[in-house]
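Position in the sequence shown counted from 1, then plus 261, gives you full-length UniProt numbering. Glycine residues also receive a C-beta, built at the ideal position from the N, C-alpha and C atoms. Remember, it's a predicted structure, so these values are computed and weren't measured experimentally. Have a look at the structure below before the remarks.
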Amino acid sequence: NVPAPPQVTAVSKVYMADLESALHYILRVELASHPTMEGEELQVLKDFVTLIAKLYPGGGPVVKLMERLSDWLNGLPLKQIAYQAVLDLLDNKMRTADAFLSPGLNWVGCRGSREGLRGYPCAFWTLFHVLTVQQHHKPQALANTGLAGARGVLTVMRGYMRHFFGCRQCGRHFDSASTTLTSVNSTGEQLLWLWHVHNQVNLRLAGSLSDDPGFPKRLWPDPSMCAPCHEEQAGARVWVREEVSRFLQRHYADDNLSSRTYT
Ligand code: FAD
Numbered sequence: 262n263v264p265a266p267p268q269v270t271a272v273s274k275v276y277m278a279d280l281e282s283a284l285h286y287i288l289r290v291e292l293a294s295h296p297t298m299e300g301e302e303l304q305v306l307k308d309f310v311t312l313i314a315k316l317y318p319g320g321g322p323v324v325k326l327m328e329r330l331s332d333w334l335n336g337l338p339l340k341q342i343a344y345q346a347v348l349d350l351l352d353n354k355m356r357t358a359d360a361f362l363s364p365g366l367n368w369v370g371c372r373g374s375r376e377g378l379r380g381y382p383c384a385f386w387t388l389f390h391v392l393t394v395q396q397h398h399k400p401q402a403l404a405n406t407g408l409a410g411a412r413g414v415l416t417v418m419r420g421y422m423r424h425f426f427g428c429r430q431c432g433r434h435f436d437s438a439s440t441t442l443t444s445v446n447s448t449g450e451q452l453l454w455l456w457h458v459h460n461q462v463n464l465r466l467a468g469s470l471s472d473d474p475g476f477p478k479r480l481w482p483d484p485s486m487c488a489p490c491h492e493e494q495a496g497a498r499v500w501v502r503e504e505v506s507r508f509l510q511r512h513y514a515d516d517n518l519s520s521r522t523y524t
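Structure representation (structure tokens):
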């Protein structure tokens, strides 16, 4: 018997404009505060660019540009690199009509109800949820990259949070949560791990200054988004992890990515 599909009543979209804006912010804003990169920082940059080259959805100009940058970074004989050199490659030397990353921020799903809310951190979470689902659906994509295995995406995310993410407090919290990463033994566990940790952050931040009143933080997905993800046991609400996994794989899948922009 084929199990019935989950009853998803109100699946919202995931927007390519948010993902691309996150990449713009990472590569042209956040990294710019690191004039030179070496050692672990340089490795995280290489791994991040490779991850995007291999797993960013939809192919297209972003992937082509990241493939070029990844080949260049991974063939680099130097132990240190200037950020300006990376930017020059990105914006001039490697940029062609079919390989580019549009400049600027265009938040759609991550647009806050006022300036200063949501935006980049929202799109950063979204990007990494998408990447965990991509790795689960394309287990061979990271073969021969040094990132193959059950925790490829989270290893890069942890490195990025530790070395580059502008909110240092966020980085510290994520680092503490990452002590449980060793329990992740499959790409299916990887996407659920990130969902669980994101919910812990949602709980911690609900009602705080960074909570957008138009998009209050809550345990996600709530029953209106995914009824089968929730169950009652002895009067308590519990998650049905298999259904959550199925929901994540639908919500963050290629089929649910919209190319709509905000005008
Ligand atoms: P976000 O929490 O950014 O979520 C973005 C979208 O993801 C939501 O709109 C929803 O569609 C989806 N989503 C929500 N929950 C889940 C889930 N569990 N699984 C899958 N998808 C989900 N801010 C602080 O003030 N203090 C912190 O310590 C802090 N730590 C952070 C740690 C990390 C790793 C990151 C990336 C961000 C952190 N932030 C922190 C920022 C904060 O988590 C939010 O990103 C920010 O406040 C914007 O919130 P948002 O309402 O746009 O929703």
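Would you kindly report the start and end of the unbroken alpha helix (DSSP H) that includes residue i?
{"i": "ARG465", "result": "448-466"}
{"i": "GLU302", "result": "300-316"}
{"i": "CYS431", "result": "429-438"}
{"i": "LEU415", "result": "413-424"}
Quick one: grab the DSSP three-state call for residue i.
{"i": "MET277", "result": "helix"}
{"i": "HIS390", "result": "helix"}
{"i": "LEU330", "result": "helix"}
{"i": "SER520", "result": "coil"}
{"i": "VAL499", "result": "strand"}
{"i": "GLU504", "result": "helix"}
{"i": "ALA360", "result": "strand"}
{"i": "ARG494", "result": "As written in the sequence, residue 494 is Gln, which differs from the Arg given in the question. DSSP places GLN494 in strand when its eight states are reduced to three."}
{"i": "CYS487", "result": "strand"}
{"i": "residue 566", "result": "Outside the displayed span of the chain (262 to 524) sits residue 566, for which this structure offers no information."}
{"i": "ARG511", "result": "helix"}
{"i": "PRO266", "result": "At PRO266 the pLDDT is 44, less than 50, meaning the model places this residue with poor confidence; the figure from the coordinates comes in the next sentence. Of the three classes helix, strand and coil, the one that applies to PRO266 here is coil, per DSSP."}
Tell me where the beta strand (DSSP E) around residue i begins and ends.
{"i": "MET355", "result": "From DSSP, MET355 is part of no beta strand (DSSP E); its letter is neither H nor E."}
{"i": "GLU291", "result": "Careful: GLU291 lies outside any beta strand (DSSP E) and carries neither H nor E."}
{"i": "ALA343", "result": "341-343"}
By Cβ distance below 7 Å, which residues in the same chain neighbour residue i in space, the five residues on each side in sequence not counted?
{"i": "MET418", "result": "PHE389"}
{"i": "LEU455", "result": "PHE389, HIS390, THR393 and LEU415"}
{"i": "GLY432", "result": "MET422, ARG423 and PHE426"}
{"i": "SER282", "result": "LEU366, ASN367, TRP368 and ALA384"}
{"i": "ALA360", "result": "PRO322, LYS325, LEU326 and ARG329"}
{"i": "LEU280", "result": "ALA384, THR387, LEU388 and VAL391"}
{"i": "TYR381", "result": "ALA283 and TYR286"}
{"i": "THR522", "result": "ALA278, ASN367 and VAL369"}
Output needed for residue i: all residues of its chain with C-beta closer than 8 Å, excluding positions within five of it in sequence on either side, in chain order.
{"i": "HIS285", "result": "LEU362, SER363, PRO364, GLY365 and LEU366"}
{"i": "SER506", "result": "GLY449, LEU452 and LEU453"}
{"i": "ARG412", "result": "LEU442, VAL445 and GLN451"}
{"i": "ARG379", "result": "TRP368, CYS371, ARG372, GLY373, ASP473 and PHE476"}
{"i": "LEU464", "result": "LYS478 and LEU480"}
{"i": "ASP436", "result": "ARG419, MET422 and ARG423"}
{"i": "HIS397", "result": "THR448, GLY449, GLN451, LEU452 and GLN510"}
{"i": "residue 222", "result": "Any property of residue 222 remains undetermined from this structure, which presents the chain solely from 262 to 524."}
{"i": "ALA514", "result": "VAL394 and HIS398"}
{"i": "ASP349", "result": "none"}
Report all residues from its chain with a CB closer than 6 Å to the CB of residue i; omit the five preceding and five following residues, and keep chain order.
{"i": "ALA467", "result": "LYS478"}
{"i": "ALA343", "result": "THR297"}
{"i": "THR311", "result": "SER331 and THR406"}
{"i": "ASP352", "result": "none"}
{"i": "SER520", "result": "MET277"}
{"i": "ALA402", "result": "LYS315 and LEU316"}
{"i": "LEU339", "result": "none"}
Hey, is residue i close to the ligand ATP, as in C-beta under 7 Å from one of its heavy atoms?
{"i": "HIS390", "result": "In the structure on display, the ligand ATP does not appear, and the ligands it does have are the ligand FAD."}
Using a Cβ-Cβ distance cut-off of 8 Å, determine whether residue i contacts chain B.
{"i": "GLU503", "result": "The structure shown has no chain B; it contains just one protein chain."}
Since residue i contacts residue j with CB under 8 Å, what's their CB separation in whole angstroms?
{"i": "ASN517", "j": "VAL275", "result": "6 Å"}
{"i": "LEU408", "j": "ASP308", "result": "6 Å"}
{"i": "GLU301", "j": "HIS295", "result": "Actually they do not touch by this definition, with Cβ atoms about 12 Å apart."}
{"i": "GLN341", "j": "GLU376", "result": "The Cβ separation is near 37 Å, so there is no contact."}
Quiz item: Are the stretch 365-379 and the stretch 317-330 in contact at 8 Å, needing three or more beta carbon pairs?
Solution: no
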